[in-house]
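Presented below is the structure to which this report refers.
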Amino acid sequence: QKDYKLWLQYDQISNSQMAQEYNAEIKGIVSLGSSETSKIALKELELGLNNMLGNKIAVKSKFEGSNNVIVGAKSNLNSELLKTIQDDFNAINEEGFIIKFISLKNKKQIVITGKNDIAVLYGVYHFLRLLQTNKSIKNLSIADSPKTNIRILNHWDNLDRTVERGYAGFSLWNWQKLPDFIDQRYIDYARVNASIGINGTVLTNVNANALILTPQYLEKVEALANVFRLYGIKVYLTARFSAPIEIGGLKTADPKDIAVANWWKDKAKEIYKRIPDFGGFLVKANSEGQPGPQNYGRDHVDGANMLADAVAPFGGVIMWRAFVYSEHDANDRAKQAYAEFQPYDGKFKDNVIVQVKNGAIDFQPREPFHPLFGAMKKTPIMMEFQITQEYLGFSTHLVYLPKLFQEVLEADTYQAGKGSTVAKVVDGSLYKNKLSGIAGVANIGNDLNWTGHPFAQANWYGFGRLAWDPYLDAGVIADEWLRSTFSNNENFIKPVKKMMLQSRETVVDYMTPLGLHHIMDTGHHYGPGPWVSNLSRPEWNPTYYHKADKNGIGFDRSKTGTNATAQYASQVEKIFDNSETCPEQDLLWFHHVSWDYKLKNGQTLWNGMALKYQEGVNEVHEMQNTWNNAEKYVDEERFKEVQMLLGIQYKEAKWWRDACLLYFQQYSGKELPAGVEKPTQTLEYFKSLKFPFAPGN
Ligand code: BDP
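Using my numbering, you'd call the opening residue of the sequence shown number 649 and step up by one each time.
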């Protein structure tokens, strides 16, 4: 099944010129290593080359003849070979690889190497990608290393196999059959992740269940770790802060209590005995009702450091989340994480890294970057992106997320002067952190195609590529993905890539244009619900976020409002604080403006907003056209699936437009401008819609 193979299709090269080149340049494989991982690398290379070149490639035991692909880690290279690439090793880190044409005894050879077998595996995948994307390999000389240490998926998977915010079926982890039954899917999962350089996975939900830390479950976790290790993937777990009470029989989980600290130390010892390369814990504490150190009058530093001490002897890390906001805090929700965490700068132990969502609210179609990036100069900060589309149409809407990721990574925090981009914060280069990382909340489930929407595979792929190199361009990534997943035909690539790159702006247009946010319906966050105002916590209500009234719309976070802008470096603050200089895409995030406010294009806010909603709908229609024209380049199954999904997206884009405009119109009191289609239903109708079944909430 094509869907299942993701971006590792290895279709036969149809471009005859490239096929000729590859056949001339690649005559055989010489594999030097003998570890399990070396065997995996060899098998992959054989599979890829045999399929793409359409003939069986010779696997040799010696360097006979020329143009062999020689694969092996540095320690496997003989001195003669090593001499030819010695210098290249200075250009890579522990996980980096070298792919190079060399001359050995006057014969041309291609070496794929690195400092260990996992790095070599990364090199093999990179080499295969070059062929998959029809790049010339003549005289290759590549030395490439990942820029971040922790490149990790966060699975919000529960032990009953439901997945919080998961839209691609149930959890991959079959706890009932583990540890003895190793589903082929675990191996395939590790393989595809290795192909994009992902090196960690948190198996369990941030809303954690302490049971995962009991011996019965740890035995199962160990079985998964044994599979993943061969592909360079470390296993991590979420730690429920109250576990010492729930499964340890203690009366408290106070981090300053010796018995509690010892309980975690013993637990860590027990885990590392089973899994010597266990990565560590991800913790959601004192957030949305989860237990944490504050239950005992302690703070986040106390909690994180206590756990850090437990895993430190084994080289483990604690990823402590900064996703906090409280109903008892009268502050603007967008300000709370910064207000709470920034003062802790420099207080965490060395093996703690603070995990921060890309924006200050919650994975919206668009958010300005989180003010904590760059603001903690003595604390490593890692990125948390959401690959699963909780607020962006689940796995039903086609939205290419690397565009969103890139926008955040490129944002300049100015925290250490101009050029202090978020990418430099998360790769650790800005403040020379020892730890760095990028996490993505996984969009993977047990659906046959892994991600529900065939194009959601691109979001997994793109996440991995950006975690490896946060400076990559979303367009380049889309190009790679399309070629590896579908076809190298330019007539296919060009329009479909354009559609992907536009798709993120499109969803913003039909859901939350001009800086609107969090106006999704209650609980599931799927359809529009700007009218919702009856939830117990004020900051859960859409009305809290858009603040529409007769005078205008938007959340005033400037000096005249909550002053959230002051949490940014002064250069950024200045820009956001003034509605004239604030990027229009963030206008209603930072400002409450009148319905007659003049936009840059001369339209009034009301007209401009209505036209944006319409534009979003039109753009989805365009996507449908683009896809229909792509039919002859795509297998029937995937073609039909995407076609049907785009049909739903078109219907739902109109639902968003009509529901939001009818609702806001009550306040603006204005007619819809020319060019905006008339709503087909009344506001009452849209309000009465109940979403019958929403997965994963
Ligand atoms: C929100 C989700 C919720 C998660 C929470 C989190 O709605 O399901 O538990 O974030 O990140 O986006 O902890």
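Glycine included, every Cβ here is placed at the ideal spot set by N, Cα and C.
query = Between the C-alpha atoms of Q660 and Y1062, what's the straight-line distance to the nearest angstrom?
reply = Between Q660 and Y1062, the C-alpha separation is close to 48 Å.
request  = Please list the segments of the alpha helix (DSSP H) lying wholly inside the stretch 723-785, counting only runs of 4 or more residues, in order along the chain.
outcome  = 727-733, 765-780
key: C-beta neighbour in chain D for I1201, strict 7 Å   = Absent from the structure is chain D; it holds one protein chain and no more.
inquiry  = As an exercise, report each continuous beta strand (DSSP E) stretch of at least 3 residues that is fully enclosed by the stretch 841-901, in chain order.
reply    = 848-850, 882-886
key: Assumed close pair A749, I760 - CB separation to whole angstroms, cut-off 8 Å   = For the sequence presented, residue 749 should be read as Phe rather than Ala. Not quite, the Cβ-Cβ distance comes to about 11 Å (not below 8 Å), so this is no contact.
message = Please state the DSSP three-state secondary structure of S679.
response = strand
key: Delimiting residues of the alpha helix (DSSP H) encompassing F1053   = 1050-1058
Other residues of its chain near N1094: CB distance less than 6 Å, five sequence neighbours each side excluded = G817, F818, L820
request  = Have a look at the DSSP bridge pairing and note the partners of W968.
outcome  = V931, V1002
query = P1176: buried (16+ other C-beta within 10 angstroms of its C-beta) or exposed?
reply = buried
key: Contact check, P1321 vs N1255, beta carbons under 7 Å   = yes
ask   = Quick one: is the Cβ of D1010 within less than 6 Å of any heavy atom of the ligand BDP?
value = D1010 Cβ: within cutoff of the ligand BDP.
request  = Mind listing, in chain order, the continuous alpha helix (DSSP H) runs of no fewer than 4 residues lying wholly within the stretch 1173-1241?
outcome  = 1190-1194, 1218-1225, 1235-1238
inquiry  = Just to check my reading of the structure: F1053 and F1111 have Cβ atoms closer than 8 Å, yes? What is that Cβ distance to the nearest angstrom?
reply    = 7 Å
message = Here's the rule I'm using: 16 or more other beta-carbon atoms within 10 Å means buried, otherwise exposed. How should E1138 be labelled?
response = exposed
query = Excluding the five sequence neighbours on either side, which residues of its own chain have a C-beta within less than 8 Å of the C-beta of L752, listed in chain order?
reply = F711, E728, L729, T732
inquiry  = Beta-carbon within less than 8 Å of F1339's beta-carbon, same chain only, minus the 5 sequence neighbours each way: which residues are those?
reply    = D1169, H1172, Y1174, G1175
key: Backbone secondary structure at D836 - three-state DSSP   = helix
key: Segment limits, alpha helix (DSSP H) that includes V959   = Note, V959: alpha helix (DSSP H), 948-959.
ask   = Taking 6 Å as the cut-off, does the CB of K932 come closer than this to any heavy atom belonging to the ligand BDP?
value = It does: the Cβ of K932 is within 6 Å (strictly closer) of some heavy atom of the ligand BDP.
task = Using the Cα positions of D925 and I919, report the straight-line distance between them to the nearest angstrom.
result = 10 Å
ask   = Should A978 be labelled buried (16 or more other beta-carbon atoms within 10 Å of its own) or exposed?
value = That one is exposed.
query = Is it a yes or a no for the stretch 1274-1287 touching the stretch 1308-1320, going by three-plus beta-carbon pairs under 8 Å?
reply = no
message = Could you pull the DSSP bridge partners for S789 from this structure?
response = BP columns for S789 point to K748.
query = Residues in its own chain within less than 6 Å of W1098 by CB, not counting five upstream and five downstream?
reply = I1092, listed in sequence order.
query = N1276: beta carbon under 6 Å from a heavy atom of the ligand BDP?
reply = no
ask   = At which residue ranges does the stretch 1114-1143 contain complete beta strand (DSSP E) runs of 3 or more residues, listed in the order of the chain?
value = Listed in chain order, there is nothing to give.
key: In DSSP terms, what T1069 is bridged to   = D1060
message = Along the chain, where does the alpha helix (DSSP H) containing I688 start, and where does it finish?
response = 684-701
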